[in-house]
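*Asks:* The sequence shown finishes on residue 1413 if you use this note's numbering, and the numbering steps up by one all the way, no holes.
One structure follows; several queries about it will come next.
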Amino acid sequence: MDKAFQGRMTEQGIKQEDERNIEHEPTVGPNELSFEPISLTDKNRYEILKFLKKGGMGKVYKARDRKINKIVALKRLLKDAEGKEKGLSRFLRESQAIASLNHSNIVDISNIGRDEDGHFIVMEYVEGENLFDKISKEGKLNINEAIGFAMQIGKALSYAHRKGVIHRDIKPSNILITKEGVPKIVDFGLAQTERESGLSQTGYGMGTVDYMPPEQGRDAKNVDHRADIYAFGATFYEMVTGEKPKKIYESKIPEELRAIIFKATEDKPEDRYFSVDDLLRDLEGVRVGKVPKLEHASKEGSCHNCGFINLLDVKYCKECGAGLFEKCPNSNCGYEDKVGTKFCGKCGLNIEQFKQIQDHLITAKDHYSSYNYSRAIKELEKALQFDSNFKEAVNLKKEVERKYQALNHLKANVQSLFKEEKYEDAENILKQSLELSPRDENSVKMLNEIPIRVKERDIKSYLQGVKEAFENKNFKLASMECLKILNIDEANEEASNFLAESNEKMIQEMFVDVDKLNSNYQWGEALHLISRIEELAPGNLLVKSHKEEIEAKLSRIQNLLKEAKQYFVAGKYKQALENCRIILGINPHHEDALELSEKAERYISKSKEHLDRGRELYNKFEFEAAINEWSKLEKLKLINDEIASFIKEAQAKINILNQHIKQAKDAFSAHKFEQVILECKEALRIKPTDNNAVSLSESARNILNKIAQLKKNAKTHIGNRQYKAGINCLCKALKYNSTEPEAMRMISEVKTTVRKIRKRMFRVVVVSFTSMVFTFLIIFFTFTAIKNRVDIHAIKKYIGRQEYKIALKK
């Protein structure tokens, strides 16, 4: 039966990493762990002998403890990791976790400290290899050797658990093997103590996927010692099968160890061994011949997953729901039969053999993905022993052999390139080689040697360039080449001597250049050159005198220029121009002074132009235009007391002129034309060409002339007793001026005269009418009297006395 253990953590987004380099975030903050730094006197205590390996958090070196003359392993935290609180916490946790343990199968720690280069741990140096390398080279271990290693590792784990320390990253690469064959657990970087279990943790998937239990992948903060039991079982599986525990195949485990490995690697923590001691007891039983059995091994028809016995025709286990039937692995068949059937009942496929081929294929693919091409080829050859025409195995073998040959070809090219000192080309090929086989130690070593060899080659080349530069008297180039050498090797004596000599020659040449620059007023460049001389020859008195002289000139120029700019901003262009002329007397080519003096002269010229133009306009009585012209000087910041008084005087005249014009207009509106003429006369005294005053004055005079003419005509008409015509003329005059007194007086007189005439005429009419009536009455009365023989004289008498009624009665 095969127990499947796929990479469940991969489904949660966790990437599998090389066992040598995997690192993870810490689970506690740095404030929980601290220690005092070592004293500076201990800084040189450890002599680095050899670089061993680099992980995600630190580098490990082989070193010598000079104090006790002992070879040790020194693990130093990387700078990038040291700057992160979580990385530092993990590093400190590892040091404190190891320091709390004292066991023959756990790497011992002798010092924890911090110096100017950062934090470090000093550990026991184990001369030998790790379990991963051993399995990679030799394949699976024999049972007795595997059990021997497992017993020692288990005892160390049991000891750590009793001390309250959980490793959380047990795997073959974290188990070192001494030359004497003693396994030692190392790398407690993920260790968690019992007191940390209540701390806030954010680590998910901490550990290495192939050896990590499911609960650690889901939430690392809740794991306990049973996580180490799982990883221990997975490591034990790799020892006895030679394969990684991505999948745990029951058929590949020696029968006497199956029950132990299966129980240690149960998915649920409660189904595993309660403690490592329990596992060790079963393992000890195997050593003495007591083989523990799987619970389902003797149950016919039992579930392959949980061991529950079901009826033969049941398709799914009634206890756990697992399928009891499987399809034939032949894709063209698909016949379904009970799990564990040896041959397919339809196509006759040897299922067990097919599975063995598949197992070899899977193992070959694992080796292939791990770049172990030789072992992959061996596994594929084993698969092809069962079926030499198995297409997938044949094709994969061709691909692996092709890459294996390419790898060997690249290695051969690297050797020739190293001899020719073409290290850059060799580096590219080594990188290609490492893409094909990232774990090739020789390629890694050669790649690490390239920077050193490049330095040696470059130093040799630069020295040759220095000598050629000296021959050509190009001391600057010689100095540059020397500096390149000293950047590579600061202790190179030959380069230091050449540099001193080339600097002396360069200083002599530089002084000549300084004199030239000084005479050409190029003091900035001269100072820059003097600074370079100072760097080459500190304390040189000649340099000091040159520098002080130039700096004094530059300082004076700077102060004058600063003052000139202030004058310019304030509108004091003449003072600015004066300062610029002083500067140009010191340095005729000073660009800023030339530019500023040109601007100042331009502004002074422009100000004079505006001033003269304003005066000309003022003299022409163009006061507003003059003010506008003088106001332009304000933009140039050239307004002074004199110009201000000009503007004030012009504005006053404009105000007086406008006042007269306003009064003239008001008088015109009030028909006071004589006043209009007077106001306009005053306005024209201020500005003889004022159009408003001229126009108003002419209009008023015209109206007065018309009124005078109309009054004259009226007088003529009235003299001729043409009163109506005279009144019409007077009314027209009043239209121009409704308050004209003479016209109003004449109209009044005419009206009085007309009324008198009318009164006289009325009286005439009345008298005439009375005479007519009297005559009529006389005639009438006479006639009547004659007719009636009335006394006429008596009637006349009454009529004469206007006693008409009596006369009429008579």
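Note that the Cβ used here is the ideal one computed from N, Cα and C, for glycine as well.
Please read all numbers here as calculations on a predicted model, not as lab measurements.
1) Just list the residues that DSSP pairs valine 725 with in beta bridges.
2) In the structure shown, what three-state DSSP assignment does aspartate 1445 receive?
3) Rounded to whole angstroms, what's the CA-CA distance from glycine 820 to lysine 958? Just pull it up for me.
4) Within its chain, find whatever has a CB closer than 6 Å to the CB of alanine 834; leave out the 5 residues flanking it on each side and keep chain order.
5) Do the CB positions of alanine 1303 and isoleucine 1289 come within less than 9 Å of each other?
6) Based on the DSSP secondary-structure assignment, which residues constitute the bridge partners of glutamate 841?
7) Are the CB atoms of isoleucine 738 and glycine 845 within a distance shorter than 9 Å?
8) Give me the Cβ distance between alanine 1346 and lysine 1318, rounded to the nearest whole Å; I'm assuming they're in contact under 8 Å.
9) Rounded C-beta distance between serine 1040 and tyrosine 974? I'm assuming under 8 Å.
10) Can you tell me where the beta strand (DSSP E) holding asparagine 733 begins and where it ends?
11) Grouping DSSP H, G and I as helix and E and B as strand, with all else coil, what is tyrosine 974?
12) Using 8 Å as the Cβ pair cut-off and three pairs as the minimum, do the region 1044-1059 and the region 1013-1033 touch?
13) Can you have a look at threonine 1342 and say buried or exposed, based on whether 16 or more other CB atoms are within 10 angstroms of its CB?
14) Throw me the rounded Cβ distance for the lysine 1150 and leucine 1130 pair, which I believe falls under 8 Å.
15) Would leucine 681 and arginine 667 qualify as a contact pair, given that the criterion is a beta-carbon distance under 9 Å?
16) Compute the Euclidean distance between the alpha carbons of asparagine 672 and tyrosine 728, then round it to the nearest angstrom.
17) What do you get for alanine 1397, buried or exposed, if any count of 16 or more other CB atoms within 10 angstroms of its CB means buried?
18) Roughly how far, in whole angstroms, is the beta-carbon of isoleucine 701 from the beta-carbon of leucine 734, given that I think they are within contact range, below 8 Å?
19) In terms of residue numbering, what span does the beta strand (DSSP E) encompassing lysine 1076 cover?
20) Opposite phenylalanine 928 in the DSSP bridges: which residues?
21) Name the residue from Ser1298, Met726, Asn1294, Gly721 whose alpha carbon lies nearest to the alpha carbon of aspartate 713.
22) Count the other CB atoms, across all protein chains shown, that sit within 10 Å of the CB of asparagine 705; report buried if there are 16 or more and exposed otherwise.
23) For the beta strand (DSSP E) holding valine 789, just list the boundary residues, first then last.
24) Taking just the CA atoms, how far does threonine 1378 sit from glycine 1322?
25) Taking 8 Å as the limit between beta carbons, can you name the residues of its chain near arginine 798, skipping five residues before and five after?
26) With phenylalanine 654 as the anchor, note down where its beta strand (DSSP E) starts and where it stops.
27) To the nearest angstrom, report how far apart lysine 678 and lysine 657 are at their CA atoms.
28) Could you pull the start and end residues of the beta strand (DSSP E) that valine 663 belongs to?
29) Given this structure, state the Cα-to-Cα distance separating isoleucine 1402 from asparagine 1331, to the nearest angstrom.
30) By Cβ distance, which residues of its chain are closer than 6 Å to phenylalanine 1487, with the 5 residues on each side in sequence left out?
31) Could you check whether glutamine 755 and valine 789 sit closer than 9 Å to each other, using their CB atoms as the reference points?
32) Kindly give me the distance between the Cβ atoms of asparagine 1182 and glutamate 1198, rounded to whole angstroms, as I take these residues to be in contact under 8 Å.
33) Taking valine 1297 as the reference, which of Ala1267, Gln1325, Ala1311 has the closest Cα?
34) Using a Cβ distance threshold of 8 Å, determine whether the region 864-874 contacts the region 745-764, with at least three qualifying pairs required.
*Replies:* So, to answer that:
1) Numbered from 1 along the sequence shown, position 122 holds the residue referred to as residue 725. Looking at the DSSP assignment, valine 725 forms a beta bridge with Leu677, Asn714.
2) Past the boundaries of the shown model lies residue 1445; the chain is included only from 604 to 1413, so the question cannot be answered.
3) Taking the sequence shown and counting its residues from 1, the one referred to as residue 820 is at position 217. Taking the sequence shown and counting its residues from 1, the one referred to as residue 958 is at position 355. Rounded to the nearest angstrom, the two C-alpha atoms are 29 Å apart.
4) On the sequence shown, residue 834 is found 231 positions in, with the first residue counted as 1. Same-chain partners within the cutoff: Ile773, Tyr814.
5) Here residue 1303 is taken as the residue at index 700 of the sequence shown, counted from 1. Here residue 1289 is taken as the residue at index 686 of the sequence shown, counted from 1. Not closer than 9 Å, so no.
6) For the purposes of this step, residue 841 is taken as the residue at position 238 of the sequence shown. Glutamate 841 pairs with nothing; no bridge assigned.
7) Taking the first residue of the sequence shown as position 1, residue 845 is located at position 242. Taking the first residue of the sequence shown as position 1, residue 738 is located at position 135. Yes. Within cutoff.
8) Mapped onto the sequence shown, residue 1346 falls at position 743. Mapped onto the sequence shown, residue 1318 falls at position 715. Incorrect: roughly 11 Å between the Cβ atoms, too far for contact.
9) Walking along the sequence shown from the start, residue 1040 turns up at place 437. Walking along the sequence shown from the start, residue 974 turns up at place 371. Between tyrosine 974 and serine 1040 the Cβ distance is about 4 Å, and since that is below 8 Å, they are a contact.
10) Translated into the one-based positions of the sequence shown, residue 733 becomes position 130. Its beta strand (DSSP E) spans residues 731-733.
11) As a working note, residue 974 is residue 371 in the sequence shown. Tyrosine 974 falls in the coil class under three-state DSSP.
12) yes
13) Reading the sequence shown from its first residue, position 739 is the one you call residue 1342. Burial call: exposed.
14) Here the question's residue 1150 lines up with position 547 in the sequence shown. Here the question's residue 1130 lines up with position 527 in the sequence shown. Yes, they are in contact, since the Cβ atoms of lysine 1150 and leucine 1130 sit about 7 Å apart, within 8 Å.
15) As a first step, residue 681 is located in the sequence shown; it is residue number 78 there, counting from the start. As a first step, residue 667 is located in the sequence shown; it is residue number 64 there, counting from the start. Going by C-beta atoms, leucine 681 is not nearer than 9 Å to arginine 667.
16) In the sequence shown, counting from the first residue as 1, residue 672 sits at position 69. In the sequence shown, counting from the first residue as 1, residue 728 sits at position 125. Near 13 Å, if we compare the C-alpha coordinates of tyrosine 728 and asparagine 672.
17) If you number the sequence shown from 1, residue 1397 lands on position 794. Alanine 1397 should be labelled exposed.
18) Taking the first residue of the sequence shown as position 1, residue 701 is located at position 98. Taking the first residue of the sequence shown as position 1, residue 734 is located at position 131. Isoleucine 701 to leucine 734, Cβ: 18 Å. No contact.
19) Looking up residue 1076 in the sequence shown gives position 473. Counting along the chain, lysine 1076 falls outside any beta strand (DSSP E), and DSSP gives it neither H nor E.
20) Here the question's residue 928 lines up with position 325 in the sequence shown. Answer by DSSP bridge pairing, in chain order: Lys941.
21) Within the sequence shown, residue 713 is the residue found at index 110, counting from 1. Checking the sequence shown, residue 713 turns out to be serine, not aspartate. The option with the nearest alpha carbon to serine 713 is Met726.
22) Stepping through the sequence shown from its first residue, residue 705 is reached at position 102. So asparagine 705 ends up on the exposed side.
23) The residue labelled residue 789 in the question sits at position 186 within the sequence shown. No beta strand (DSSP E) contains valine 789, which DSSP labels as neither H nor E.
24) Counting from one through the sequence shown, the residue named residue 1322 turns up at place 719. Counting from one through the sequence shown, the residue named residue 1378 turns up at place 775. Rounded to the nearest angstrom, the two C-alpha atoms are 39 Å apart.
25) One-based indexing of the sequence shown puts residue 798 at position 195. At arginine 798 the pLDDT is 42, less than 50, meaning the model places this residue with poor confidence; the figure from the coordinates comes in the next sentence. So the qualifying residues of the chain are Gly767.
26) As a position in the sequence shown, residue 654 is number 51, starting the count at 1. Looking at the DSSP string, the run of the beta strand (DSSP E) that includes phenylalanine 654 is 649-657.
27) Against the sequence shown, residue 678 aligns to sequence position 75. Against the sequence shown, residue 657 aligns to sequence position 54. Using only the alpha carbons, I get a separation of about 9 Å.
28) By 1-based counting over the sequence shown, the position of residue 663 is 60. That run of the beta strand (DSSP E) goes 661-668.
29) For the purposes of this step, residue 1402 is taken as the residue at position 799 of the sequence shown. For the purposes of this step, residue 1331 is taken as the residue at position 728 of the sequence shown. Going by the C-alpha atoms only, they are around 48 Å apart.
30) Only positions 604 to 1413 of the chain appear in the structure, and residue 1487 is not among them; the question remains open.
31) Taking the first residue of the sequence shown as position 1, residue 789 is located at position 186. Taking the first residue of the sequence shown as position 1, residue 755 is located at position 152. Contact: no.
32) Translated into positions along the sequence shown, residue 1182 becomes position 579. Translated into positions along the sequence shown, residue 1198 becomes position 595. About 13 Å separates the two Cβ atoms, so there is no contact after all.
33) Locating residue 1297 in the sequence shown gives position 694, counting from the first residue. Comparing Cα-Cα distances from valine 1297 to each of Ala1267, Gln1325, Ala1311, the minimum goes to Ala1267.
34) no
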